Structure formats: structure tokens, C-alpha cells
Amino acid sequence: MTFKAFYGMTFNPFDKSIQVEHIYESGDYKQFSSRMEYFKTAKGFALLYGEPGSGKTTSIRAFTAKLNPQLFKVVYLPLSSVTVMDFYRHLAVGLGLEPRFRKVDMFHQVQEYIANAHHQKNMTTFVIIDEAQFIQHAILNDLRLVFNFQMDSKNYAMVLLAGQSAFLHQLSLQINEPLRQRITINYGFKGLAKDEIGSYLTSLLKVAGVAEPLFTPDAVEAIAAFSNGLPRKVNNLAEKSLLVGYQRKVRAIDADIIQTVQEDADIAL
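The following block contains the structure:
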């Protein structure tokens, strides 16, 4: 028997691969979604930032899942430290193109695709650049140029820059001022509020088929304290505490179990 069977779960709701329809609509998620609805019309550049594990990528995944594939071409680029040429190649491949050899040729290739998609198919190209804090300055400069249409008078694409809070410093540099001026919307993820932790856990357990609360009030308090509201840490604590609870054959997870899990995590570090 696994801890899922022991607690009557149909699946592990704290796994990062959870289906988007089961995602908890936190305050962060609602704020992000409302801004992105506006961004669908305004287009241009958007900025999303926050600490690792704050829910950025999960929220992006949920938002893109709702887009009509007939109206939006989504390209997800989880960039790290790639060169400018690598960036153009990844972008071209993401658009379904065979990358040309020279940078200038790929530049025009990408621009032509985006413009044709807009004019001929009424389709918006939506480029998501994750881990943006690792992007080279040269790529940030080219972003401004490759998505510039009709002397910067038209926005045919949506470009979402998602990164850690450190990316704000990079954007604040004078060299990136032209790009920063083109950012239509921005939002900083703060993580789950303390009063959201309990409903977050209950909501995820419910979609996994568990109606009764498994975490005692003091366990919820402990999870809130140790996680700082970061959903990834909440999930890790919840999943590992359920495993410990299963090993101890207890039906309710209390603060003592959460403390044990946290201490084990500290030792592992």
C-alpha cells in the first residue's frame, strides 16, 4: 500500500504535474490572470517575477491551457545562458520553422512568420521566456528589435518575460531602458498568503478524492511558517508529511510530523 491508497487519494495532488484544471486559484493566480486577459488585447511585452517556487510557471501553464490554439501560437522557451544565435534557433524551431544559417536571415524569418500569422490567420504569436534572469543583454536588445513592427507602431505578438526577482535589477540597467519602456504589464508573485494555506491544502486534497481534512490546524500553521507561502515548499512539506504519516499509520497530520519533515530537509541541505 502507498500513502495515496492509505489516505484514499486517487492521485498525488501535490505533484508538480497536476492537471491545470485542478490548480488552486490563489490571490497571485487571480491577479496574474486578470492582467494577462488585458495583455491578450494590448500585446507587446509583459513581465512576471518572483522567487523560485512561488507559482509563476504553474500559473503560466494554466493560462496558456485556456488559449484557443486557432488564435494563439504559444512558444515556450526555458532559456538559460544561451547565445544570441541559439536564441534565434530555439525561437524559429518553436514556431515550426527550419532555422536559417545567418542571424539576419533568422531575424527576418521570425518577423515574417509573426506578421503573416497576424494578417492571414488572425493569430497572435505568444512567446514565453522562462528563467529570464539568465538572458544575455544582447538577447534582451534583440527581443526589442525582432518584435518591432511598422516602426514600432504595431504589436503583433505577446512576449512574456518570467524570471526571479533578481531579473528586475537587470532590467533596471540603462542599457535595457528601451525594452523596459515597452513592458505593457508586470506582476510580482508573492506566494500564498498565510490564510490561503489551509484552503490550498483542502482544495488539492478534494480534487484527489479526500473530503475530510488531513492536516490539523497546528500542522497548517507549521507549513505556513516553514514554507513562507511558496507553493513548491508547501507541496514538498505536504507530500513528505503524508509519507511520514503513512509510515506511522496516523490518519491526521499534525505539527510534530511537519517539524520532523522540516528537520529532515534541513539535514539534507
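Going by our numbering, the letters in the sequence shown line up with residues -6 to 262, in that order. No residue lacks a Cβ here, since even glycine has one placed at the ideal position from N, Cα and C. Quantities reported herein were computed from a predicted structural model and do not represent experimental measurements.
CA-to-CA distance, residue j to residue i, given in whole angstroms
{"i": "V139", "j": "Y17", "result": "36 Å"}
{"i": "N264", "j": "F7", "result": "Since the first and last residues shown for the chain are -6 and 262, residue 264 lies out of range."}
{"i": "V75", "j": "A85", "result": "15 Å"}
{"i": "A108", "j": "T117", "result": "9 Å"}
{"i": "G222", "j": "L236", "result": "21 Å"}
{"i": "M151", "j": "A186", "result": "29 Å"}
{"i": "P62", "j": "G181", "result": "27 Å"}
{"i": "G43", "j": "T57", "result": "19 Å"}
{"i": "V213", "j": "H111", "result": "48 Å"}
{"i": "Y31", "j": "L41", "result": "14 Å"}
{"i": "P71", "j": "F80", "result": "11 Å"}
{"i": "R137", "j": "R82", "result": "17 Å"}
{"i": "S52", "j": "P206", "result": "25 Å"}
{"i": "K226", "j": "A217", "result": "9 Å"}
{"i": "K96", "j": "E105", "result": "14 Å"}
{"i": "G156", "j": "Q113", "result": "33 Å"}
{"i": "N5", "j": "Q102", "result": "44 Å"}
{"i": "D340", "j": "A35", "result": "The structure shown does not extend to residue 340, since the chain spans only -6 to 262, so no value can be given for it."}
{"i": "N179", "j": "Q240", "result": "45 Å"}
{"i": "T195", "j": "F119", "result": "34 Å"}
{"i": "F25", "j": "I246", "result": "32 Å"}
{"i": "S158", "j": "G87", "result": "26 Å"}
{"i": "G1", "j": "S234", "result": "15 Å"}
{"i": "S27", "j": "A39", "result": "13 Å"}
Residue burial classification, residue i (beta-carbon count within 10 angstroms, cutoff 16)
{"i": "L64", "result": "exposed"}
{"i": "L172", "result": "buried"}
{"i": "S192", "result": "exposed"}
{"i": "K9", "result": "exposed"}
{"i": "M78", "result": "exposed"}
{"i": "K242", "result": "exposed"}
{"i": "G238", "result": "buried"}
{"i": "T50", "result": "buried"}
{"i": "T168", "result": "The sequence shown places Ile at residue 168, rather than the Thr named in the question. Classification of I168: exposed, given that the 10 Å Cβ count is below 16."}
{"i": "D211", "result": "exposed"}
{"i": "F94", "result": "exposed"}
{"i": "K66", "result": "buried"}
{"i": "A204", "result": "exposed"}
{"i": "E91", "result": "exposed"}
{"i": "Q174", "result": "exposed"}
{"i": "L133", "result": "buried"}
{"i": "E256", "result": "exposed"}
{"i": "D188", "result": "exposed"}
Given residue i as reference, the closest of the options once Cα atoms are compared
{"i": "L161", "options": "I128, M151 and P62", "result": "I128"}
{"i": "K23", "options": "H111, T177, T195 and K183", "result": "K183"}
{"i": "Q252", "options": "K242, S220 and P224", "result": "S220"}
{"i": "F142", "options": "F100, E124 and G156", "result": "F100"}
{"i": "T(-5)", "options": "E232, V254 and S196", "result": "E232"}
{"i": "T209", "options": "E189, A248, L90 and S47", "result": "A248"}
{"i": "A125", "options": "L164, N115, G202 and V68", "result": "L164"}
{"i": "I176", "options": "T3, V200, F(-1) and M29", "result": "M29"}
{"i": "A(-2)", "options": "L198, N134 and P224", "result": "L198"}
{"i": "N148", "options": "S196, S158, G1 and N115", "result": "N115"}
{"i": "S19", "options": "G48, I11 and T3", "result": "G48"}
{"i": "Q12", "options": "D188, K59, L133 and I250", "result": "K59"}
{"i": "G37", "options": "T195, Q255, V254 and I121", "result": "I121"}
{"i": "Y69", "options": "G202, A131, D123 and D188", "result": "D123"}
{"i": "V254", "options": "R244, P224 and A215", "result": "A215"}
{"i": "A55", "options": "G202, E14, P224 and G89", "result": "E14"}
{"i": "H130", "options": "L153, E189 and E170", "result": "E170"}
Beta strand (DSSP E) segment containing residue i, residue limits
{"i": "Y149", "result": "First-last for Y149: undefined, no H or E at that position."}
{"i": "I53", "result": "Not the beta strand (DSSP E): I53 falls in the alpha helix (DSSP H), residues K49 to A58."}
{"i": "N179", "result": "I176 to G181"}
{"i": "F(-1)", "result": "From DSSP, F(-1) is part of no beta strand (DSSP E) but of the alpha helix (DSSP H) over F(-4) to F(-1)."}
{"i": "I190", "result": "Unbroken run through I190 is the alpha helix (DSSP H), I190 to V200; no beta strand (DSSP E)."}
Unbroken alpha helix (DSSP H) run spanning residue i, endpoints
{"i": "G238", "result": "P224 to R241"}
{"i": "K66", "result": "From DSSP, K66 is part of no alpha helix (DSSP H) but of the beta strand (DSSP E) over F65 to P71."}
{"i": "F100", "result": "K96 to K114"}
{"i": "Y81", "result": "V77 to G87"}
{"i": "I216", "result": "P210 to S220"}
{"i": "T34", "result": "G20 to A35"}
Closer than 6 Å: residue i CB and nearest the ligand FAD heavy atom
{"i": "V75", "result": "The model on display carries no ligand, and the ligand FAD is accordingly not part of it."}
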